[in-house]
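Trainee:
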Amino acid sequence: MTFCAISVDHAKCPHVPKYTMNTHRKTSYRGLAALVSLSVIGTSACKGDNNSSPASAPGVGEEKPPGEPKAAKPAATKEASKPAPLSDDAETIAVVSEAIGPVRLGMQRAQTDSLSLAVHPNYSGMTVPYNLYFDGDVVSGISLSLAQAKRPVTVLGREIPAGATLENVAEIVGGCGEPELAIGGTTRHCAEGIKVTVGSGSPDEVWIRIDSK
2 MTFCAISVDH AKCPHVPKYT MNTHRKTSYR GLAALVSLSV IGTSACKGDN
52 NSSPASAPGV GEEKPPGEPK AAKPAATKEA SKPAPLSDDA ETIAVVSEAI
102 GPVRLGMQRA QTDSLSLAVH PNYSGMTVPY NLYFDGDVVS GISLSLAQAK
152 RPVTVLGREI PAGATLENVA EIVGGCGEPE LAIGGTTRHC AEGIKVTVGS
202 GSPDEVWIRI DSK
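Okay, so the sequence shown: first residue is 2 according to the working numbering, each after it adds one.
#1: Taking only the alpha-carbon atoms, compute the straight-line gap between A150 and L118 and give it to the nearest angstrom.
#2: For C177, which residues of its own chain have a beta-carbon under 8 Å away from its beta-carbon, when the five flanking residues on both sides are left out?
#3: Leaving out five residues on either side along the sequence, give the residues of the same chain with a beta carbon under 7 Å from the beta carbon of G186.
#4: Which whole-angstrom value is the C-beta distance of V104 and T93, which I expect to be below 8 Å?
#5: Excluding the 5 residues flanking G194 on each side, which residues of the same chain have their C-beta closer than 8 Å to its C-beta?
#6: How is the alpha helix (DSSP H) around A171 delimited, first residue to last?
#7: I need the boundaries of the beta strand (DSSP E) containing I161, first residue and last residue.
#8: Does DSSP classify G200 as helix, strand or coil?
#9: Between R159 and I173, which are expected to be in contact by the criterion C-beta below 8 Å, what is the C-beta distance as a whole number of angstroms?
#10: What span of residues does the beta strand (DSSP E) with H190 cover, start to end?
Encoded structure:
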């Protein structure tokens, strides 16, 4: 029975005993086991001296110190955007099915705050030249006093002459039904949802009104 010699670098591992195993020498199993055990122990110790053991590798089995904490980003603050002011400097006040002058049905109340509306000279609860009606904070109705407009007015592209009566306006707008009499005044429903009204307290003051459908 023959065995090969175990090779150890004694220059790097001087503590490992030198053994010479002649391939022609017969060795007992017990002696061989002792020799292998010593060689393995010595070799492992040698590897530990050279810092090549996986346990000593940097980052293995060691807890890395936490890095520098990132600076917290300031919470984004969303500034409340103010609506652009309405411009009411047109030479003519145009009335269409969804708007009178700069005011449109469905606008938010805040959008109309920039309008310089005066209190009606005879009715403290109304403003001129536009009187606005709200459903919550949404514009649901707009009326225009022809007497307080102080500039030309067109309805669906047709000019309304100064001093026009309810019947004059109804004829110009067209598509109007019969006059509807009520305690508050008289109303005529005309084309494209436009209403022409006069109040019972001021029958000569004609109003043009539109409402949300």
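A virtual CB, placed ideally from N, CA and C, is assigned to each residue, including glycine.
Mentor: Checking against the coordinates, here is how it stands:
#1: 11 Å
#2: A171, R189, H190, C191, A192 and V197
#3: T198, V199, G200 and S201
#4: Rounded, the Cβ-Cβ distance is 15 Å, inconsistent with contact.
#5: S98, I211, D212 and K214
#6: L167 to V174
#7: R159 to I161
#8: strand
#9: 5 Å
#10: G186 to H190
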